[in-house]
Amino acid sequence: MSLVTLPRQFLVDSSGAPRVGAKLYAYQAGTTTPITTYTTTDYAIAHAHPVVSLAGGLFPAVYVNPGVNETYKIVVTDSADVTLYTEDNIPARGPSATPRYDQTPAEQSAGVTPSDYSKEPGHLFRYGGIGNGTADDTTAFSSCLLACSGAPYLMHVPKPASKYKVDSLAIPSNLSMYIEGGTEIEANEGFTSLQRLFDLDGSSNVRIECNGAIFRLLISEYGATDEHRHAFGLTDCTNVHISDPVVEDAGGDGYYINGAVNLRLDSPKSSGHRRNGISFIKADGVKITGIAEFNNGLGIAALDVAGLGIDFEPNSAADSLKNITIETVKGHGNAGRLVSIYLDDYKTGSPEDVQITIGRIISRDNEMALRVRHVFLNSGSYGGYIDIGEVVSLDERENAVFIQDKASNGPFLHIGKITAVNPCTGASVTAEVSGLHVSDTSNCTSGGIHIDSVSVKATHTDMDWGVYVDMGQGFSDTRIGVSNVEGAQVAPIRFNNAGAASADASNIIVDYSKLRGELALTANTTLTAEAHNGGRIITNTGATGTILLTLSTTSISPKGNPYRFRVTAAQQITIDVSSGDRILGTSADGQTITCSTVGEECELHFVGSIGGVRYWQARILGSPSNWTFN
């Protein structure tokens, strides 16, 4: 049954007098064909046509059978048949009728008129959504966004028959959006180089539940230098929560973060992006939960821009990076690094302390798993921390991890564990071909770097070194624990440019005591920091006589990084130093220590220069009586 609810059941004229004898005509929707109306709910007694108002201007109860007339039209006239008003396409309310949801106050306030009143407020189809893969759904999305901003109901985006095609969408504040799983939202043709698919510029208090929905831009439209067609523009936004979004083919970044405060991303994904999966320009309070996955970043050749997974790269010293926590980053096939921290624009100005925490990086077949570069100031300093729990790397084209110019007075860098398998699969023959490369240049004195454990393994012949340390100006407070190196073609460890001056000025300890590789020398040799102080035990295996091993200015590695010797053949090992150098415990400068007892071991390390004399410390690991200090 359906009670006809008239917009004006009590009718009066312009003077306020009741309209006695007013008439109600009922027709099929959109026609002048009369329909039957009834006096009771059982449709037993029909009204006359038209229904005439009673004394006082009131109409009697009028019922329409929704099983016969799902929609209808009414025309109300005065007693002289002058039309007072017409209402068409009125849905009959009843058990078999399509429900009708009248225009809401929020829709009225936003100036949004629904096109399908049978859909609940907030449902995209209420506002004309189609989703057939060809129709432009921009107007439907825009209307729905306006109607739902601040409204007490969800914006509901149902899974379409094909996909939604839209222009750039401005996401308003105070919005909750639910997108059904399996939904695809694709950019229309004609995006400009600066447009974003979902633009949250200045938005606040927004929650978008994506449920794996795909957000796609058109790769065919990208110009040679396009880098800003982002899928999600998260600029100057506050209190935003986006869960389970999947971006494909972003013209710039999957997610561009610049000025976000209290942003949460749950398991964001991006593939085929031209620039970065995520760009961090400025942020305070960003939490990325679950697994953030970034694959097959393309890069932009014309701009010399690599396709990265996550890029921390502020535009100026005023762009702070604070309270950023990422649980897990995963990715493969990116033209550039999976995670890049590049703070070069902090080198002038007064940046705030950096606070970045990443639980785990899982990387395969990227340029690198992690690069930390140019974290310094020309003058002054900024503090904070960069804390990475674990890096797991497989088949990187270059180093698994590269750290360059991480200044000692900058944010402290801690990496718990690095596990690299087959790094340098596409590397050249340069000495930097290694699993871990730590470099200090003339830009700063590097330091404040602690890496608890490094394990590197290569089954190919392209990796020369497990760990490569480029000394530059020297290091301060740098500790690297090396637990395993397998497959290095030259040596496990290299101290490059480890001259006396840089070594004396450095405080870097590479702990390779867990390594057990052997370097057998059978002839007199001047040891070098680059070639021989590489995490192996130096022996005389195969020697047929005394061998003389000389520690000269080319042998000096940073303090605390010892040479380790073991007698394996019943022949004498003599360890000599340059004239003017001294082994502590010997009788004079330039004196030697010797041993011929099989199984005996000792360590020698450089301890620094005093009064122009370079001093070496010997540590006997066996019986001191078997070693002779001359």
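Sequential numbering of the sequence shown, starting at 371, is according to this note's numbering. Each residue gets a CB set at the ideal place from its N, CA and C atoms; glycine is no exception.
Reduced DSSP secondary structure (H/G/I, E/B, other) of residue i
i, result
"aspartate 715", "helix"
"phenylalanine 999", "strand"
"proline 484", "coil"
"proline 862", "strand"
"leucine 564", "coil"
"glutamine 473", "coil"
"proline 465", "Its pLDDT being 48, under 50, proline 465 is placed unreliably by the model, and the measurement read from it follows with that caveat. It is coil, neither helix nor strand."
"arginine 934", "strand"
"alanine 870", "helix"
"proline 377", "In this predicted model, proline 377 has a pLDDT of only 41, less than 50, meaning its place in the structure is not dependable; the value taken from the coordinates is given anyway. The answer is coil: DSSP assigns proline 377 none of H, G, I, E or B."
"proline 994", "helix"
"arginine 586", "strand"
"alanine 801", "Reliability of the predicted coordinates at alanine 801 is poor, the pLDDT of 48 falling under 50, and the value obtained from them is presented with this limitation in mind. It is coil, neither helix nor strand."
"leucine 668", "coil"
"phenylalanine 495", "helix"
"isoleucine 850", "strand"
"serine 957", "coil"
"serine 710", "strand"
"arginine 389", "coil"
"methionine 371", "With a pLDDT of 46 at methionine 371, under the threshold of 50, the predicted position of this residue should be treated as unreliable, though the coordinate-derived value follows. In this structure, methionine 371 counts as coil in the three-state DSSP scheme."
"leucine 428", "strand"
"threonine 895", "strand"
"leucine 885", "coil"
Span of the alpha helix (DSSP H), counted from its first residue to its last, around residue i
i, result
"glutamate 597", "Neither: glutamate 597 is in no alpha helix (DSSP H) and is coded neither H nor E."
"threonine 508", "508-518"
Beta strand (DSSP E) segment containing residue i, residue limits
i, result
"glutamine 987", "983-990"
"cysteine 972", "971-980"
"aspartate 946", "943-947"
"glycine 818", "816-827"
"alanine 414", "Where alanine 414 is concerned, there is no enclosing beta strand (DSSP E), given that its DSSP letter is neither H nor E."
Own chain, CB closer than 7 Å to residue i, minus 5 neighbours either side, in chain order
i, result
"serine 853", "Ser823, Val824, Ser825, Lys884"
"leucine 991", "Glu971, Cys972, Glu973"
"valine 799", "Caution is warranted here: a pLDDT of 43 is assigned to valine 799, below 50, making its placement in the model unreliable, and no coordinate value can be reported."
"glycine 391", "Val422, Ser423, Ser449"
Whether residue i touches residue j by CB criterion (8 Å)
i, j, result
"valine 761", "isoleucine 726", "no"
"arginine 952", "valine 983", "yes"
"glycine 719", "alanine 688", "yes"
"isoleucine 648", "glycine 624", "yes"
"serine 513", "proline 542", "no"
"serine 479", "glycine 503", "no"
"leucine 747", "lysine 717", "yes"
"serine 927", "phenylalanine 865", "yes"
"threonine 605", "glycine 629", "yes"
"aspartate 723", "tyrosine 752", "yes"
"valine 860", "asparagine 931", "no"
"phenylalanine 568", "phenylalanine 585", "yes"
"serine 614", "serine 637", "In the sequence on display, residue 614 carries aspartate and not serine. It is a contact, given that the beta carbons lie within the stated cut-off."
"histidine 807", "arginine 849", "no"
"asparagine 646", "aspartate 681", "yes"
"lysine 407", "valine 445", "The residue asked about is misnamed: residue 407 is threonine in this sequence, not lysine. No."
For residue i, the residue or residues it bridges with in DSSP
i, result
"histidine 807", "Phe772, Tyr838"
"proline 420", "Its beta-bridge partners do not exist; DSSP assigns none."
"isoleucine 756", "Ile726, Leu783"
"leucine 764", "Arg734, Val791"
"lysine 700", "Glu663, Ile732"
"glutamate 490", "Bridge partners of glutamate 490: none, in fact."
"methionine 525", "Met547"
"serine 649", "Tyr626, Asp681"
"serine 613", "Glu579, Asp636"
"aspartate 569", "Ala540, Gly603"
"alanine 396", "Ile444"
"histidine 744", "DSSP, once it has assigned bridges, lists no residue as partnering histidine 744."
"isoleucine 658", "Leu635, Ile696"
"cysteine 965", "Ile943"
Sequence-distant residues of the same chain with beta carbon closer than 6 Å to residue i, five excluded per side
i, result
"glutamate 683", "Tyr712"
"lysine 692", "Asp654, Gln725"
"serine 949", "Gly960"
"valine 791", "Leu764, Lys827"
"cysteine 814", "Phe746, Asp775, Ala777"
"asparagine 575", "Ser543, Asn544, Asn609"
Beta-carbon contacts of residue i that lie in its chain and below 8 Å, excluding the five residues immediately before and after
i, result
"tryptophan 986", "Leu921, Val947, Asp951, Arg952, Ile953, Leu954, Leu974, His975, Phe976, Val977"
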